[in-house]
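*Asks:* Got a structure for you, written out below as structure tokens; questions coming shortly.
Protein chains: 2
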Amino acid sequence: MAKGLVKRSEDYSQWYNDLVKKADLAENSAVRGCMVIKPYGFSIWEKIQRGLDDMFKATGHTNAYFPLFIPKSYLSREADHVEGFAKECAVVTHYRLKVDENGGGLIVDPEAKLEEELIVRPTSETVIWSTYKNWIQSYRDLPLLVNQWANVVRWEMRTRLFLRTSEFLWQEGHTAHATKDEALIETRQMLDVYATFAEEFMAIPVLKGLKTESEKFAGAEDTYCIETLMQDGKALQAGTSHFLGQNFAKAFDVKFLDREGQLNFVWGTSWGVSTRLMGALVMAHSDDEGLVVPPKLAPIQVVIVPIFKNEDQRDAIAEKVNPIIKQLQDSGISVKFDNRDTQKPGWKFAEYELKGVPVRLAIGPNDLENGTIEVARRDTKEKQLWELNDQLAIRISNLLDEIQSNLYEKALKFREINTHEADSYSKFKDILESKGGFIYAHWDGTTETEERIKEETKATIRCIPIEVKATPGHCMVTGKPSKQMVVFAKAY
Amino acid sequence: MAKGLVKRSEDYSQWYNDLVKKADLAENSAVRGCMVIKPYGFSIWEKIQRGLDDMFKATGHTNAYFPLFIPKSYLSREADHVEGFAKECAVVTHYRLKVDENGGGLIVDPEAKLEEELIVRPTSETVIWSTYKNWIQSYRDLPLLVNQWANVVRWEMRTRLFLRTSEFLWQEGHTAHATKDEALIETRQMLDVYATFAEEFMAIPVLKGLKTESEKFAGAEDTYCIETLMQDGKALQAGTSHFLGQNFAKAFDVKFLDREGQLNFVWGTSWGVSTRLMGALVMAHSDDEGLVVPPKLAPIQVVIVPIFKNEDQRDAIAEKVNPIIKQLQDSGISVKFDNRDTQKPGWKFAEYELKGVPVRLAIGPNDLENGTIEVARRDTKEKQLWELNDQLAIRISNLLDEIQSNLYEKALKFREINTHEADSYSKFKDILESKGGFIYAHWDGTTETEERIKEETKATIRCIPIEVKATPGHCMVTGKPSKQMVVFAKAY
Numbered sequence: 102m103a104k105g106l107v108k109r110s111e112d113y114s115q116w117y118n119d120l121v122k123k124a125d126l127a128e129n130s131a132v133r134g135c136m137v138i139k140p141y142g143f144s145i146w147e148k149i150q151r152g153l154d155d156m157f158k159a160t161g162h163t164n165a166y167f168p169l170f171i172p173k174s175y176l177s178r179e180a181d182h183v184e185g186f187a188k189e190c191a192v193v194t195h196y197r198l199k200v201d202e203n204g205g206g207l208i209v210d211p212e213a214k215l216e217e218e219l220i221v222r223p224t225s226e227t228v229i230w231s232t233y234k235n236w237i238q239s240y241r242d243l244p245l246l247v248n249q250w251a252n253v254v255r256w257e258m259r260t261r262l263f264l265r266t267s268e269f270l271w272q273e274g275h276t277a278h279a280t281k282d283e284a285l286i287e288t289r290q291m292l293d294v295y296a297t298f299a300e301e302f303m304a305i306p307v308l309k310g311l312k313t314e315s316e317k318f319a320g321a322e323d324t325y326c327i328e329t330l331m332q333d334g335k336a337l338q339a340g341t342s343h344f345l346g347q348n349f350a351k352a353f354d355v356k357f358l359d360r361e362g363q364l365n366f367v368w369g370t371s372w373g374v375s376t377r378l379m380g381a382l383v384m385a386h387s388d389d390e391g392l393v394v395p396p397k398l399a400p401i402q403v404v405i406v407p408i409f410k411n412e413d414q415r416d417a418i419a420e421k422v423n424p425i426i427k428q429l430q431d432s433g434i435s436v437k438f439d440n441r442d443t444q445k446p447g448w449k450f451a452e453y454e455l456k457g458v459p460v461r462l463a464i465g466p467n468d469l470e471n472g473t474i475e476v477a478r479r480d481t482k483e484k485q486l487w488e489l490n491d492q493l494a495i496r497i498s499n500l501l502d503e504i505q506s507n508l509y510e511k512a513l514k515f516r517e518i519n520t521h522e523a524d525s526y527s528k529f530k531d532i533l534e535s536k537g538g539f540i541y542a543h544w545d546g547t548t549e550t551e552e553r554i555k556e557e558t559k560a561t562i563r564c565i566p567i568e569v570k571a572t573p574g575h576c577m578v579t580g581k582p583s584k585q586m587v588v589f590a591k592a593y
Numbered sequence: 102m103a104k105g106l107v108k109r110s111e112d113y114s115q116w117y118n119d120l121v122k123k124a125d126l127a128e129n130s131a132v133r134g135c136m137v138i139k140p141y142g143f144s145i146w147e148k149i150q151r152g153l154d155d156m157f158k159a160t161g162h163t164n165a166y167f168p169l170f171i172p173k174s175y176l177s178r179e180a181d182h183v184e185g186f187a188k189e190c191a192v193v194t195h196y197r198l199k200v201d202e203n204g205g206g207l208i209v210d211p212e213a214k215l216e217e218e219l220i221v222r223p224t225s226e227t228v229i230w231s232t233y234k235n236w237i238q239s240y241r242d243l244p245l246l247v248n249q250w251a252n253v254v255r256w257e258m259r260t261r262l263f264l265r266t267s268e269f270l271w272q273e274g275h276t277a278h279a280t281k282d283e284a285l286i287e288t289r290q291m292l293d294v295y296a297t298f299a300e301e302f303m304a305i306p307v308l309k310g311l312k313t314e315s316e317k318f319a320g321a322e323d324t325y326c327i328e329t330l331m332q333d334g335k336a337l338q339a340g341t342s343h344f345l346g347q348n349f350a351k352a353f354d355v356k357f358l359d360r361e362g363q364l365n366f367v368w369g370t371s372w373g374v375s376t377r378l379m380g381a382l383v384m385a386h387s388d389d390e391g392l393v394v395p396p397k398l399a400p401i402q403v404v405i406v407p408i409f410k411n412e413d414q415r416d417a418i419a420e421k422v423n424p425i426i427k428q429l430q431d432s433g434i435s436v437k438f439d440n441r442d443t444q445k446p447g448w449k450f451a452e453y454e455l456k457g458v459p460v461r462l463a464i465g466p467n468d469l470e471n472g473t474i475e476v477a478r479r480d481t482k483e484k485q486l487w488e489l490n491d492q493l494a495i496r497i498s499n500l501l502d503e504i505q506s507n508l509y510e511k512a513l514k515f516r517e518i519n520t521h522e523a524d525s526y527s528k529f530k531d532i533l534e535s536k537g538g539f540i541y542a543h544w545d546g547t548t549e550t551e552e553r554i555k556e557e558t559k560a561t562i563r564c565i566p567i568e569v570k571a572t573p574g575h576c577m578v579t580g581k582p583s584k585q586m587v588v589f590a591k592a593y
């Protein structure tokens, strides 16, 4: 087809890469592993940011900003953390370039070597907890509820736009509390915020759970996550919320005087989502014709395409359309009127289909005579002829709501169909190979068995689900006792 | 005094540093030259961002995101640009750390040396123009109007919170146009956007002008700027807008097919403001008691402090205050009710004075009986007793408007008083030493004379003003002909 998208059924991975580029979401830059987020892609990310930021503020958090650079020695302060993050990172060793006296062009000035190397932050626990030490003295300073929107860098060898890039954008919340209970409640609250956002804004159902020991955040006591299922049957971790215990408080000596005058270490959490959500959004809903963007995150919710053969018709349509635009905007709907005469209507139809605009209105000379307008929805591709009257804005508004829920319902149904139980390892492998999706199975709780399953099948434990009744059983691999089923999948 | 702020008249520089820290705007981090922007400071920055971003979008710009890292070779592509930016910068040379086998802790892995060093962006012209090369083919792709909100790094030896830090936050607009005229119009339009924002939101009058050859942006044909005057008589450059000519288009080979089918280089602009604006905001309005934040940028516009001696009074006041809060919020006013019993009213009064909250309401048992409320404005420190009735919200709203204009008028008057003309070099030096401020004087247009004045007096040419009638004269130093007066000042 004209858009040059391969079908999902033919090559899902190629389809994704092509779509991200062709729909103007992002592209690779000249710097290995770093992407350029293009204006259209960024406008969706801005909607995601705004939605999440409002929810963070509604739960009492404020934003702040901490340095991009972390002194090398900070990374070593928390033993597990350094294991997880000190490996693949961008290291700043010098602070000046100079012109080579031997004609070698611009070179690093050997005189300008830093005494201690700086790491471009892969995550900011260390630099933030070193700051919190000065911010927290007494219980009156707690809880401290801070979030940061920032760029972070993790040197990745294999990168994919949005899903895994060396530099990415994210938010990271870092909170400090007087009691363990309060920190646990915060950890779960932010997991719920992420789940609500994913389901209500992104129209993606999520599975909430705990990570296993081997998959949890380096430096956390517990890592909670939301897991989503993509159209190719692979899982994608969309957000994590960590209960840090007193690990970073101890590493950075952050104590507070409690109400009884006792000095105690504080309790911490951290939680984050990133531009990876953009990848989830694309892979959860889009189709062979292009993006499908849920109305709540669509930069353009309604596009109006005029069908005209000459200037007179063009003018007559514009005259009719202007009050419609106003009516829609007054109802809080973002609308674009594509009146260009440099492109044909068919080209425009394909373009906005590719960009995933939820609703397309088309209006031509016949419609002017009949007082009608063609309404096409992106999700089902249904078209209807509507009467042009003062009910239009309210009907469009309802249609946008309907598309939003339909996308969620469709994704939920897809997940239900692609969720299975395996009572034996052979059945597990069968399902994994033939169908993919989420597989519930019993596991003995050991890292050894987890590793063996991963090596043999490439499936990982996505999470220990927290919203299902725990029924004991026996590990599908070793036959040892299992407290409850866990969820496996191949994952991004 | 209790807040521990030195008076401006005693030590302006110390007053500024202390105020920024004590009012919870920012503090130094453990990383040399990098600051932490604290929650209260960041909430003001968010208001600045939102205000500017709305204006950028209203003038047709969209946001995007480009990589943090720039390959070293890119910097050399534009000859002037490399001179200006390749010197003091953060250089990434390696991509991995490892544990030293000889027990030296975490060290840079010598095996993980980058083939080409990466520079942490000091500004993004190079990486953006290398991207534009692929985005621009024909006149249909123009104009390209893109902005980015980002962090940038320029290695600074002497840093001051907000005014000069190694890492800072900013926005950088980068546009491409088919004609020189269009690019020039864009350059001036964005200068006007900055000027309007500074005057209407920040309540700071600005002087618009052109930079001299020696002060212009490395890589630009012309640099326009807005210059502001601080309370100590020193100037602060608050924003710049650059006409890039075809310099970057030529350096990165960005051509387009025009309507006639001819291949031409495009014309460019770039423009930016940064967290430096926070410094300007503090220094323009604040006083010996603390910050004075203009209502349009105040995270808290109105604070309500209850005066109570016991629980009953506290409850009775809260009951009275709740509908007031609702009334104010419904009028779009951000309000905080500080009901804490852990701090005395006097402490709270000082605290919100320090934080620059524009309006403080106080209400105690007498007010309950009399149906009154005490209204104190931060700018003039006037207090009045107002009747508690349903006109309160509208009166407060008017008061906020009045404070906003009063701050602007006051700053404008200050600038008028501190703007002088010098018709001789000796008079120039006199004014500079005795009064400071902006000094209009004739200059022969040469870099030599400019340098000499700078060396002898520390004053620089802030700009060649563009909104005054150009009257010729003779250079105050050399007596050579001068086309018009230019504006000198000592500057931040």
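First to last, the sequence lines map onto chains A and B.
Read in my numbering, the first sequence has 119 at position 18, and its numbers run on one by one without any break.
Read in my numbering, the second sequence has 265 at position 164, and its numbers run on one by one without any break.
Backbone N, C-alpha and C define an ideal beta-carbon position, used for all residues, glycine too.
Using the beta-carbon count (16 or more within 10 Å), is Pro582 of chain B buried or exposed?
*Replies:* Numbered from its first residue, the second sequence carries residue 582 of chain B at position 481. Result: exposed.
*Asks:* Tell me the DSSP bridge mates of Ile474 of chain B?
*Replies:* Counting from one through the second sequence, the residue named residue 474 of chain B turns up at place 373. According to DSSP, which records beta bridges pairwise, Ile474 of chain B is partnered with B:Trp487.
*Asks:* Only counting the same chain, and skipping five residues up and downstream in sequence, which positions put a Cβ closer than 7 Å to that of Val183 of chain B?
*Replies:* Within the second sequence, residue 183 of chain B is the residue found at index 82, counting from 1. Shown here for Val183 of chain B: same chain residues with a beta carbon closer than 7 Å to its own, the five before and five after excluded, namely Leu176 and Ser177 in chain order.
*Asks:* By DSSP, does His278 of chain A sit in helix, in strand, or in coil?
*Replies:* Position 177 of the first sequence holds residue 278 of chain A. Here His278 of chain A sits in strand by DSSP.
*Asks:* Grab me the residues of Glu483 of chain B's own chain with a C-beta within less than 8 Å of its C-beta, minus the 5 sequence neighbours each way, in chain order.
*Replies:* The residue given as residue 483 of chain B occupies position 382 in the second sequence. So the qualifying residues of the chain are Ala477.
*Asks:* Note down, one range per segment and in chain order, each alpha helix (DSSP H) of at least 4 residues found wholly within the stretch 267-340 of chain B.
*Replies:* 281-301
*Asks:* Quick one: any contact between the stretch 310-330 of chain B and the stretch 202-216 of chain B, if contact means 3 or more CB pairs under 8 Å?
*Replies:* no
*Asks:* Would you say Ala542 of chain A lies against chain B (beta-carbon separation less than 8 Å)?
*Replies:* Locating residue 542 of chain A in the first sequence gives position 441, counting from the first residue. Not one chain B Cβ lies under 8 Å of Ala542 of chain A.
*Asks:* In this structure, does DSSP put Lys570 of chain B in helix, strand or coil?
*Replies:* By one-based count along the second sequence, residue 570 of chain B stands at place 469. Correct three-state label for Lys570 of chain B: coil.
*Asks:* Below 7 Å CB to CB, which residues in the same chain sit around Ala103 of chain A once its five sequence neighbours on both sides are set aside?
*Replies:* Taking the first residue of the first sequence as position 1, residue 103 of chain A is located at position 2. Low confidence applies to Ala103 of chain A: its pLDDT is 47, below 50, so where it sits in the model is not reliable enough to give any reading.
*Asks:* So, with DSSP's three-state summary, where would you put Arg461 of chain A?
*Replies:* One-based indexing of the first sequence puts residue 461 of chain A at position 360. DSSP places Arg461 of chain A within a strand segment (E or B) once states are collapsed to three.
*Asks:* Tell me whether Leu106 of chain B sits in a helix, a strand or coil according to DSSP, three-state version.
*Replies:* Mapped onto the second sequence, residue 106 of chain B falls at position 5. Coil, per DSSP.
*Asks:* Give me the DSSP bridge partner(s) of Ser174 of chain B.
*Replies:* In the second sequence, residue 174 of chain B corresponds to position 73, counting from 1. In the DSSP output, where bridge partners are listed per residue, Ser174 of chain B has none listed.
*Asks:* Using a threshold of 7 Å, is the CB atom of Asp545 of chain B nearer than that to any non-hydrogen atom of the ligand NAP?
*Replies:* Questions concerning the ligand NAP fall outside what the structure shown contains, since it holds no ligand whatsoever.
*Asks:* Against chain A, which members of the stretch 190-205 of chain B pass a CB distance test of less than 7 Å?
*Replies:* Cys190, Ala191, Val192, Val193, Thr194, His195, Tyr196, Arg197 and Leu198
*Asks:* Which bits of chain A does Lys309 of chain B rub up against, with CB to CB less than 9 Å?
*Replies:* Within the second sequence, numbered from 1, the residue matching residue 309 of chain B stands at position 208. Neighbours of Lys309 of chain B on chain A: none; closest Cβ ~29 Å, over 9 Å.
*Asks:* Straight-line CA distance for Leu429 of chain A to Ala494 of chain A?
*Replies:* Reading the first sequence from its first residue, position 328 is the one you call residue 429 of chain A. Reading the first sequence from its first residue, position 393 is the one you call residue 494 of chain A. Answer to the nearest angstrom: the Cα atoms are 5 Å apart.
*Asks:* Under three-state DSSP, which class holds Leu86 of chain A?
*Replies:* Residue 86 of chain A lies beyond the residue range present for chain A, which begins at 102 and ends at 593; the question has no answer from this structure.
*Asks:* In this structure, how does DSSP classify Met136 of chain B when only helix, strand and coil are distinguished?
*Replies:* In the second sequence, counting from the first residue as 1, residue 136 of chain B sits at position 35. Met136 of chain B: strand per DSSP, three-state reduction.
*Asks:* Whole angstroms is fine: what's the gap from Asn348 of chain A's alpha carbon to Glu287 of chain A's?
*Replies:* Here residue 348 of chain A refers to the residue found at position 247 when the first sequence is read from its first residue. Here residue 287 of chain A refers to the residue found at position 186 when the first sequence is read from its first residue. Straight through space, the alpha carbons of Glu287 of chain A and Asn348 of chain A are spaced by roughly 16 Å.
*Asks:* Anything in the stretch 153-178 of chain B with a Cβ closer than 7 Å to a Cβ of chain A? List those residues in chain order, please.
*Replies:* Thr163, Asn164, Ala165, Tyr166, Phe167, Pro168, Leu169, Phe170, Pro172, Lys173, Leu176 and Ser177
*Asks:* With which residues is Lys214 of chain A paired in a DSSP beta bridge?
*Replies:* Reading the first sequence from its first residue, position 113 is the one you call residue 214 of chain A. In DSSP, Lys214 of chain A forms a bridge with A:His195.
*Asks:* Is there at least one Cβ from chain B nearer than 8 Å to Lys139 of chain A's Cβ?
*Replies:* If you number the first sequence from 1, residue 139 of chain A lands on position 38. It does: the Cβ of Lys139 of chain A has a partner Cβ on chain B nearer than 8 Å.
*Asks:* Give a yes or no on whether the minimum CB-CB distance between Ala103 of chain A and chain B is below 8 Å.
*Replies:* If you number the first sequence from 1, residue 103 of chain A lands on position 2. Reliability of the predicted coordinates at Ala103 of chain A is poor, the pLDDT of 47 falling under 50, and no value is obtained from them.
*Asks:* Under 8 Å by Cβ, that's how I've got Phe302 of chain A and Leu398 of chain A pegged, so tell me the actual separation to the nearest angstrom.
*Replies:* Numbered from its first residue, the first sequence carries residue 302 of chain A at position 201. Numbered from its first residue, the first sequence carries residue 398 of chain A at position 297. Between Leu398 of chain A and Phe302 of chain A the Cβ distance is about 6 Å, and since that is below 8 Å, they are a contact.
*Asks:* Looking at C-alpha atoms only, which residue of B:Thr194, B:Phe167 and B:Ala213 is the closest neighbour of Lys188 of chain A?
*Replies:* Within the first sequence, numbered from 1, the residue matching residue 188 of chain A stands at position 87. Answer by Cα proximity: B:Ala213.
*Asks:* Does the separation of the CB atoms of Leu262 of chain A and Met136 of chain A fall below 8 Å?
*Replies:* By 1-based counting over the first sequence, the position of residue 262 of chain A is 161. By 1-based counting over the first sequence, the position of residue 136 of chain A is 35. Going by C-beta atoms, Leu262 of chain A is nearer than 8 Å to Met136 of chain A.
*Asks:* Under 7 Å between beta-carbons, which chain A residues line up against Thr443 of chain B? List them in chain order, please.
*Replies:* Translated into the one-based positions of the second sequence, residue 443 of chain B becomes position 342. What Thr443 of chain B touches in chain A: Arg241.
*Asks:* What's the gap between the Cα of Lys108 of chain B and the Cα of Leu120 of chain B?
*Replies:* As a working mapping, residue 108 of chain B is identified with position 7 in the second sequence. As a working mapping, residue 120 of chain B is identified with position 19 in the second sequence. If you take the alpha carbons of Lys108 of chain B and Leu120 of chain B, they lie about 11 Å apart.
*Asks:* How about Ala385 of chain A and Ala512 of chain A: do their beta carbons lie closer than 8 Å?
*Replies:* To locate residue 385 of chain A, count along the first sequence from 1; it is residue 284. To locate residue 512 of chain A, count along the first sequence from 1; it is residue 411. Yes, these two residues count as a Cβ contact at 8 Å.
*Asks:* Can you grab the Cα-Cα spacing for the pair Asp502 of chain A / Pro396 of chain A, in whole Å?
*Replies:* Counting from 1 along the first sequence, the entry for residue 502 of chain A is found at position 401. Counting from 1 along the first sequence, the entry for residue 396 of chain A is found at position 295. Going by the C-alpha atoms only, they are around 8 Å apart.
*Asks:* Quick check on the burial criterion: 16 or more other C-beta atoms within 10 angstroms. Buried or exposed for Ser174 of chain A?
*Replies:* On the first sequence, residue 174 of chain A is found 73 positions in, with the first residue counted as 1. Its Cβ having fewer than 16 others within 10 Å, Ser174 of chain A is exposed.
*Asks:* Which residues in the same chain as Glu300 of chain A place their Cβ atom closer than 7 Å to its Cβ, once the five residues preceding and following it in sequence are excluded?
*Replies:* Counted from its first residue, the first sequence places residue 300 of chain A at position 199. If we look at Glu300 of chain A and ignore the five residues flanking it on each side, its Cβ neighbours are Pro306, Val307 and Tyr509.
*Asks:* Considering Trp544 of chain A, what are the terminal residues of the beta strand (DSSP E) in which it resides?
*Replies:* Position 443 of the first sequence, counted from the start, is the residue given in the question as residue 544 of chain A. Segment: none, Trp544 of chain A is in no beta strand (DSSP E) and carries neither H nor E.
*Asks:* CA-CA distance, Tyr593 of chain B and Arg265 of chain B?
*Replies:* To locate residue 593 of chain B, count along the second sequence from 1; it is residue 492. To locate residue 265 of chain B, count along the second sequence from 1; it is residue 164. Their backbone Cα atoms lie some 9 Å apart in a straight line.
*Asks:* Roughly how many whole angstroms lie between the Cα atoms of Val403 of chain A and Glu217 of chain B?
*Replies:* The residue given as residue 403 of chain A occupies position 302 in the first sequence. The residue given as residue 217 of chain B occupies position 116 in the second sequence. In a straight line, the C-alpha of Val403 of chain A is about 46 Å away from that of Glu217 of chain B.
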